[in-house]
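A.B. asks: Chains as they are written, first to last, in my numbering: chain V, 95 to 389; chain H, 28 to 208. Handing you this structure, nothing more for now.
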Amino acid sequence: MGSKYLIFLGCAVPYRVAAYEISARKILRKLGVELVEMPEFNCCGLPLDPVSHETMLILAARNLALAEQQGLNILTLCPGCAGTLKKVNKILKADKSLREQINGHLNEAGLEFKGTVNTKHIVQVLMEDVGLASIKSAVVKPLTMLQVAEHVGCHLLRPKEYIGFDDPEDPQFLKTLIEATGATCLDYIDETECCGAPSVGVSDKVALQLARDKLNHVKEAGAQALITICAFCHIMFDTNEVRIERMFNEAYGIPVLHYPQLLGLAMGMTPEELAFNELRVDTSKLLKIVADGAK
Amino acid sequence: MTETATASKEPIKASELDPKFKYELSKMHGSEKLLKCFQCGTCTSDCPVARFSDSYRPRTIIRMAQLGLRERVLKSDTLWLCAACFTCTDRCPQDVEVASVIRVLRNLAAEKGCVPQVFKDQAGSVLESGYAYKIPELRVKKRESQGLPPLPKGNSESVRKSLKGVKFFEALEKKGEPGGQ
């Protein structure tokens, strides 16, 4: 208890995924994690790594330098942002000449990277700072009636050399957090695979085929909902679910929840409070199961 | 974007091979271990994109780089299909950091002006607002009614100053096109 973090929103969350931010802020407040807004931050750098690695390093280092000025560690909702800030922190701390080169750029804007803050994704904060015991004791309406599937995605886990969190080949943390709500977390084929989001814009067809493949496996497993912890993954499965259904003549109807929405329900918050209305795939059937099961 | 190039059946001419390319790459951050690849194919068989693409094969890209097919690999559309999931990097038995090699190749292609529009849009947006996407005014305004704090304003001047001297951005600012093409 008593953790305090700078919240790094990144770009995709404020752009398209309000429900994630709304629900995350609510559960974190209730669990005693204090969030401080991060002024003047910029894109973490990851989206531009493909075109200019140097740009990615500068953008990430600028964010880290801003956090260092505040003397606070960073919490992100997006695993891509967390992974990038972690990786760049590690690279620049280890490589003096590269650090000097990047600081040369930051100095132009009156900033300096020192390597004094750490970054955690919300899942890591929940596991390490809040702790399972506190989460379990905050659960007042256990979701024992639900069988869901998880989608951890890539950047919370890979590349393992830089991230060093959970087991990329057999991740357990999100599963554990889901089970803390009382819900059952089902296994399915290719659980750790990519959602396809980074290939959108280059080849939508390939990207959507990746998401379709995962939705097929989630459906086969019999999951009533899919739980994500990433803005991009959520867009792939929720925003694009109908598009995938139409494109490939499939029928899923699988609601896609941000993990904080699932936890929030178990903590006794209402679907309205948790911004369920922002979700694209209809959740009324799922919420009815929860309501009936809670009686 | 169509998928061509790496799957190109055009015969390779000896004059296309640049024997220095692999050594240049070996000195660049991310592709230092290119020469350790012995073409086992773990990257391609574990690649989620390769499963659904007719032409994207990480092993092929690595081999083209080793052989010195500079132009062919840098102009290849399929280079841009990598989803950066890092599965290949984690599973490579030779620690080649396959995804990073592909990133280095993309960076080189971008310097030459071969870059999909989506990246140009994002780069332009970062220069303008600090964010990679143009966040609609409606979204920004809606935050209050959703009980969210105001969206922190980016400092584009500070971002621009930090990016001064970066080739990709200089080209983008000058001609509106990276690589100036």
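Just so it is clear, CB atoms sit at the ideal spot from N, CA and C, and this is done for glycine as well.
1. Mind checking if Leu108 (chain H) is an interface residue toward chain V, Cβ cutoff 7 angstroms exclusive?
2. Using a Cβ-Cβ cut-off of less than 7 angstroms, give me the residues of the region 231-260 of chain V that come near chain H, in sequence order.
3. Have a look at Ala113 (chain V) and Glu372 (chain V) and give me their C-alpha separation to the nearest angstrom.
4. Using a C-beta cutoff of 7 angstroms, does Gln208 (chain H) count as contacting chain V?
5. Roughly how many whole angstroms lie between the Cα atoms of Ser231 (chain V) and Ala360 (chain V)?
6. Beta carbon of Ile391 (chain V), beta carbon of Leu100 (chain V): below 7 angstroms?
7. To which residues of the same chain is Leu7 (chain H) closer than 8 angstroms at the C-beta, ignoring the five residues directly before and after it?
8. I need the straight-line Cα distance from Leu380 (chain V) to Gly174 (chain H), nearest angstrom please.
9. Taking Cβ positions only, does Asp117 (chain H) come closer than 7 angstroms to chain V?
10. Using 7 angstroms as the limit for Cβ to Cβ distance, is Lys188 (chain H) near chain V?
11. Taking only beta-carbon positions, decide if Glu202 (chain V) is within less than 7 angstroms of chain H.
12. Suppose the cutoff is 8 angstroms on Cβ atoms and the five residues either side in sequence are ignored; what does the same chain contact list for Leu166 (chain V) look like?
13. Mind pulling the chain V residues with CB within less than 7 angstroms of Ala150 (chain H)?
14. Going by other Cβ atoms of all chains shown within 10 Å of its Cβ, with 16 needed for buried, is Cys16 (chain H) buried or exposed?
15. Cα separation between Val234 (chain V) and Ala388 (chain V)?
16. At what residues does the alpha helix (DSSP H) containing Val100 (chain H) begin and finish?
17. Short of 7 angstroms Cβ to Cβ, which residues in the region 280-310 of chain V face chain H?
18. Leu304 (chain V) to Val153 (chain H), Cα distance in whole Å?
19. My guess is that Ile196 (chain V) and Leu186 (chain V) are in contact by the Cβ rule of under 8 angstroms, so how many angstroms apart are they, rounded?
20. Could you give the residue range of the alpha helix (DSSP H) that holds Ile383 (chain V)?
21. Residues of chain H with CB under 9 angstroms from Arg337 (chain V), in chain order?
22. Where does Lys313 (chain V) sit, in a helix, a strand or coil, going by DSSP?
23. Where DSSP assigns a beta bridge to Lys98 (chain V), which residues make up the other side?
24. Should the region 294-303 of chain V be called in touch with the region 213-227 of chain V, which here means at least 3 C-beta pairs below 8 angstroms?
25. With a Cβ-Cβ cutoff of 7 angstroms, do Pro253 (chain V) and Thr116 (chain H) count as a contact?
C.D. replies: Checking against the coordinates, here is how it stands:
1. Position 81 of the second sequence, counting from 1, holds the residue named residue 108 (chain H). By this cut-off, Leu108 (chain H) is an interface position.
2. Cys248, Arg252, Pro253, Lys254
3. Along the first sequence, one-based indexing puts residue 113 (chain V) at 19. Along the first sequence, one-based indexing puts residue 372 (chain V) at 278. Rounded to the nearest angstrom, the two C-alpha atoms are 6 angstroms apart.
4. Taking the second sequence and counting its residues from 1, the one referred to as residue 208 (chain H) is at position 181. Model confidence at Gln208 (chain H) stands at a pLDDT of 38, short of 50, so the residue's coordinates are unreliable and nothing is read from them.
5. Here the question's residue 231 (chain V) lines up with position 137 in the first sequence. Here the question's residue 360 (chain V) lines up with position 266 in the first sequence. If you take the alpha carbons of Ser231 (chain V) and Ala360 (chain V), they lie about 11 angstroms apart.
6. Chain V is shown only over 95 to 389; residue 391 (chain V) falls outside these bounds and no answer can be derived.
7. The shown model of chain H, from 28 to 208, leaves out residue 7 (chain H), and the question about it has no answer.
8. Here residue 380 (chain V) is taken as the residue at index 286 of the first sequence, counted from 1. Here residue 174 (chain H) is taken as the residue at index 147 of the second sequence, counted from 1. Roughly 25 angstroms separates the two Cα atoms.
9. In the second sequence, residue 117 (chain H) corresponds to position 90, counting from 1. Cβ-Cβ to chain V under 7 angstroms: yes for Asp117 (chain H).
10. In the second sequence, counting from the first residue as 1, residue 188 (chain H) sits at position 161. It does; some Cβ of chain V falls within 7 angstroms.
11. Counted from its first residue, the first sequence places residue 202 (chain V) at position 108. Yes, because at least one Cβ of chain H sits closer than 7 angstroms to the Cβ of Glu202 (chain V).
12. Counted from its first residue, the first sequence places residue 166 (chain V) at position 72. So the qualifying residues of the chain are Lys98, Tyr99, Leu100, Val130, Val211.
13. Locating residue 150 (chain H) in the second sequence gives position 123, counting from the first residue. By Cβ distance, chain V contributes Leu142, Val145.
14. Given a span of 28 to 208 for chain H in the structure shown, any question on residue 16 (chain H) remains unanswerable.
15. In the first sequence, residue 234 (chain V) corresponds to position 140, counting from 1. In the first sequence, residue 388 (chain V) corresponds to position 294, counting from 1. So the alpha carbons of these two residues sit roughly 11 angstroms apart.
16. Along the second sequence, read from residue 1 onward, the residue named residue 100 (chain H) stands at position 73. Counting along the chain, the alpha helix (DSSP H) containing Val100 (chain H) begins and ends at 97-101.
17. Glu287, Cys288, Gly290, Pro292, Ser293, Gly295, Val296, Ser297, Val300, Gln303, Leu304
18. Stepping through the first sequence from its first residue, residue 304 (chain V) is reached at position 210. Stepping through the second sequence from its first residue, residue 153 (chain H) is reached at position 126. C-alpha separation (whole angstroms): 28 angstroms.
19. Here residue 196 (chain V) is taken as the residue at index 102 of the first sequence, counted from 1. Here residue 186 (chain V) is taken as the residue at index 92 of the first sequence, counted from 1. Indeed, because the Cβ distance is near 6 angstroms, the residues count as touching under 8 angstroms.
20. For the purposes of this step, residue 383 (chain V) is taken as residue 289 along the first sequence, with counting starting at 1. 378-388 is the extent of the alpha helix (DSSP H) around Ile383 (chain V).
21. Numbered from its first residue, the first sequence carries residue 337 (chain V) at position 243. Under the 9 angstroms cutoff, chain H gives no residues; its nearest Cβ is about 16 angstroms from Arg337 (chain V).
22. Here residue 313 (chain V) refers to the residue found at position 219 when the first sequence is read from its first residue. Note: Lys313 (chain V) maps to helix in three-state DSSP.
23. Position 4 of the first sequence, counted from the first residue, corresponds to residue 98 (chain V). V:Glu128, per the DSSP bridge assignment.
24. no
25. As a working note, residue 253 (chain V) is residue 159 in the first sequence. As a working note, residue 116 (chain H) is residue 89 in the second sequence. Going by beta carbons, Pro253 (chain V) and Thr116 (chain H) fall inside the 7 angstroms limit.
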